[in-house]
Amino acid sequence: MESELFEIPYQAGVCYEHNKGLILPEKVPYIGMGSSYFAALVLRYQGMKIYPEIASEYFNYLEKVRQFEKAVLISQSGESSETLWCADRFEQFVPIVNDLRSPLANHPAADVAVDLCAGRERFSSTKTYINSLTVLFLGHGIDPQPALEYNQLYFPSFKARGEEWGQLTFRLLKKRKYKGFYILGAGPNLGTAMQAAQVLTEATKLPFIGMSLAQYDHGVKEAAGRSVVFVINPVGEQGERTAKLIEKIALAGGLCIELKETGLPEKLSPFATIMPFFFMAAWLRRKLKIKEPFVVGGKVTRVTS
Numbered sequence: 115m116e117s118e119l120f121e122i123p124y125q126a127g128v129c130y131e132h133n134k135g136l137i138l139p140e141k142v143p144y145i146g147m148g149s150s151y152f153a154a155l156v157l158r159y160q161g162m163k164i165y166p167e168i169a170s171e172y173f174n175y176l177e178k179v180r181q182f183e184k185a186v187l188i189s190q191s192g193e194s195s196e197t198l199w200c201a202d203r204f205e206q207f208v209p210i211v212n213d214l215r216s217p218l219a220n221h222p223a224a225d226v227a228v229d230l231c232a233g234r235e236r237f238s239s240t241k242t243y244i245n246s247l248t249v250l251f252l253g254h255g256i257d258p259q260p261a262l263e264y265n266q267l268y269f270p271s272f273k274a275r276g277e278e279w280g281q282l283t284f285r286l287l288k289k290r291k292y293k294g295f296y297i298l299g300a301g302p303n304l305g306t307a308m309q310a311a312q313v314l315t316e317a318t319k320l321p322f323i324g325m326s327l328a329q330y331d332h333g334v335k336e337a338a339g340r341s342v343v344f345v346i347n348p349v350g351e352q353g354e355r356t357a358k359l360i361e362k363i364a365l366a367g368g369l370c371i372e373l374k375e376t377g378l379p380e381k382l383s384p385f386a387t388i389m390p391f392f393f394m395a396a397w398l399r400r401k402l403k404i405k406e407p408f409v410v411g412g413k414v415t416r417v418t419s
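Sequence positions in the sequence shown follow our numbering and run 115 to 419.
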């Protein structure tokens, strides 16, 4: 897994150069599962006029409404079943994929596919997630190059921080001093929190929960005692509320780990805030001696409708 993380700066640069000038449509659904959906959430809470949808829920509950004739469908493999089901429901869609030979990219209703250029990815969606952000930002007129350069410059720091968090988490696991692990984000970093939780769960086979900081404040904080709570808190709109919530968690007996990313503006921070969690996942996976990246299922989820 770690070897794939070290490919992120180069592959992100390839993706950036390949997709410069990209224009993606507004006021249409952006449909995906897992990491693909989380990347779209990042853009939505930038104030972009897009409608992120979970592919399975859109297909089963919303497609009969027929509000849209066009969409953007995101599937890093280009093979996710639910996203492919949705493809049949639009007259035309833009596919965002990491495999131009995939069924989604070659669907009869597909426009010219957007190539994520992430290279082969065997483990969790890390390279493809960063590159999904890259094409979505480019496609909506936000230049991500400062964030990509920042990531390359501070790559060793991300690794060190992630491994530090991994060591702390491992000690708590050995002592059985935990009830749960929560990762909280706000605005564009809601997608970060959910992506971090998914990657950590996949890597460790332990339950990590990613959610909105405000949603956690509405009841879930009652589980703060003996919980580890990671708070993504770049300089942003909810800074004051975040500080107060951190105090509450500490008073309840929980361990709060705060990630402050002040080197980038909030709108670009998701490129950086996810990185320590990737390295944390890789460190824990190695320490827990987990050999196979996916056991219960595969990297690509295929089901029948």
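Even glycine gets a Cβ: it sits at the ideal position worked out from N, Cα and C.
Residue interval of the alpha helix (DSSP H) (run including P390): For the purposes of this step, residue 390 is identified with residue 276 of the sequence shown, where counting begins at 1. For P390, the uninterrupted alpha helix (DSSP H) run begins and ends at 389-401, by DSSP.
Member of G192, P260, Q206, F204 whose CA lies at the smallest distance from the CA of C231: Counting from one through the sequence shown, the residue named residue 231 turns up at place 117. Residue G192 is the option with its Cα nearest to C231.
Contact check, I210 vs A310, beta carbons under 9 Å: Locating residue 210 in the sequence shown gives position 96, counting from the first residue. Locating residue 310 in the sequence shown gives position 196, counting from the first residue. No, they are not a contact pair.
Residue range of the alpha helix (DSSP H) that includes V142: Position 28 of the sequence shown, counted from the start, is the residue given in the question as residue 142. No alpha helix (DSSP H) holds V142; DSSP gives it neither H nor E.
Three-way DSSP call (helix, strand, coil) for Y420 in this model: Because the chain in this structure spans residues 115 to 419, residue 420 falls outside the shown range and cannot be described.
P260 in three-state terms, based on DSSP: Position 146 of the sequence shown holds residue 260. Helix at P260.
Own chain partners of K241 with C-beta closer than 7 Å, once the 5 adjacent residues on each side are dropped: Here residue 241 refers to the residue found at position 127 when the sequence shown is read from its first residue. Hits under 7 Å: E118, E121, I122, Q125, A232, G233, E235.
Three-state secondary structure assigned by DSSP to A154: Taking the sequence shown and counting its residues from 1, one reaches residue 154 at position 40. Helix.
Contact under 9 Å by Cβ, T197 with G146: Residue numbering aside, residue 197 sits at position 83 when the sequence shown is read from its first letter. Residue numbering aside, residue 146 sits at position 32 when the sequence shown is read from its first letter. If you check the CB distance, T197 and G146 come in under 9 Å.
Coarse secondary structure for P123, derived from DSSP in three states: The sequence position of residue 123 within the sequence shown is 9, counting from 1. If DSSP states are grouped into helix, strand and coil, P123 belongs with the helices.
The segment 389-404 contacting the segment 264-277, beta-carbon criterion three pairs below 8 Å: Under the 8 Å Cβ criterion, the segment 389-404 counts as touching the segment 264-277, having at least three qualifying pairs.
Three or more C-beta pairs below 8 Å linking the segment 316-332 and the segment 395-407: Output reads yes: the segment 395-407 touches the segment 316-332.
Sequence-distant residues of the same chain with beta carbon closer than 6 Å to F251, five excluded per side: For the purposes of this step, residue 251 is identified with residue 137 of the sequence shown, where counting begins at 1. Same-chain partners within the cutoff: P258.
Cβ shell of A338 (< 6 Å), same chain only, five flanking positions each side left out: For the purposes of this step, residue 338 is identified with residue 224 of the sequence shown, where counting begins at 1. Non-local beta-carbon contacts of A338 in its own chain, meaning distances under 6 Å to residues more than five positions away in sequence, involve I363, A366, G368 in chain order.
Top-ranked residue by Cα proximity to Q281, from P166, W397, Y159: Counting from 1 along the sequence shown, the entry for residue 281 is found at position 167. Nearest C-alpha to Q281 among P166, W397, Y159: W397.
Secondary structure, beta strand (DSSP E): runs of 3+ residues fully inside the segment 169-224: The segment 169-224 contains these whole beta strand (DSSP E) runs: 184-188, 206-211.
Start and end residues, beta strand (DSSP E) containing E361: As a first step, residue 361 must be located in the sequence shown, where it is residue number 247. Run containing E361: none in the beta strand (DSSP E); it sits in the alpha helix (DSSP H), 353-365.
Every unbroken alpha helix (DSSP H) within the segment 230-277, with a cutoff of 4 residues, ordered by chain: Runs of the alpha helix (DSSP H) spanning 4 or more residues and lying entirely within the segment 230-277 occur at 241-253, 259-267, in chain order.
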